[in-house]
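K.L.:
Below is one structure. I have some questions about it.
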Amino acid sequence: MKEFKLNTIPKIESGFKTPEDDFFEKFSANLIEQLPKNEPKTISLFQKKKAIIMMVAAIFVLALLIPSIINNASRSNELDPVTLENYLSYQSNMNQYDLINVLDEEDINDISSTTNIALEDKTIEDILISNNNLEHYIIE
């Protein structure tokens with residue numbers, strides 16, 4: 075092997091040079107000059123997706139609520155005869171005398187013409203005999 079002498083062999087240049095004397099003083103000014111003057115306003119992709127997701131959610135909620143609201147509105151307009159009868163029987167403080175005072179002759183004629191109940195005396199007697207509250211009707 076050959077003898078290697080560090081001082082006698084020509085040295086390889088590294089490729090790096092020292093900067094000029096005022097390089098660090100001018101560095102910030104040069105950097106600012108290279109930056110673009112007007113930066114475009116950026117809109118993130120998440121903001122667009124967020125708005126679309128919120129619109130889809132609102133439409134979905136409306137699609138679920140509208141049929142239930144329509145069904146409730148149509149049900150509330152109907153009056154169930156059984157419910158009305160139960161209310162008048164148990165919740166009303168009106169007795170038969172109050173009802174007689176409120177009704178006039180036209181109302182009584184309308185009621186009698188619409189019901190068309192023709193009871194014979196025997197039928198009435200059978201009903202009264204089979205009813206346990208006969209004393210209640212006699213007292214009233």
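Each residue of the sequence shown is one higher than the one before, starting from 75 at the first, in the numbering used here.
Backbone N, C-alpha and C fix where the C-beta goes; we use that ideal spot for every residue, glycine too.
Comparing the CB of isoleucine 140 with every heavy atom of the ligand MN, is any distance shorter than 7 Å?
P.N.:
Absence of the ligand MN is noted for the structure shown, with no ligands found whatsoever.
K.L.:
For phenylalanine 78, name the three-state secondary structure that DSSP assigns.
P.N.:
What you label residue 78 is simply residue 4 of the sequence shown in a count that begins at 1. The answer is coil: DSSP assigns phenylalanine 78 none of H, G, I, E or B.
K.L.:
Rounded to whole angstroms, what is the Cα-Cα separation between threonine 189 and isoleucine 144?
P.N.:
The count along the sequence shown starts at 1 and reaches residue 189 at position 115. The count along the sequence shown starts at 1 and reaches residue 144 at position 70. Whole-angstrom Cα-Cα distance: 35 Å.
K.L.:
Under the three-state reduction of DSSP, which class applies to methionine 168: helix, strand or coil?
P.N.:
Taking the sequence shown and counting its residues from 1, the one referred to as residue 168 is at position 94. Methionine 168 falls in the coil class under three-state DSSP.
K.L.:
Taking DSSP as the reference, what is the three-state secondary structure of lysine 134?
P.N.:
Locating residue 134 in the sequence shown gives position 60, where the first residue counts as 1. Correcting the residue identity first, residue 134 is phenylalanine in this sequence and not lysine. The answer is helix: DSSP assigns phenylalanine 134 an H, G or I state.
K.L.:
Starting from serine 102, trace the alpha helix (DSSP H) both ways and give me its first and last residue.
P.N.:
Reading the sequence shown from its first residue, position 28 is the one you call residue 102. Taken as a continuous stretch (DSSP letters only), the alpha helix (DSSP H) holding serine 102 covers 97 to 108.
K.L.:
According to DSSP, simplified to helix, strand and coil, what is serine 88?
P.N.:
The residue you call residue 88 lines up with position 14 of the sequence shown. DSSP places serine 88 in coil when its eight states are reduced to three.
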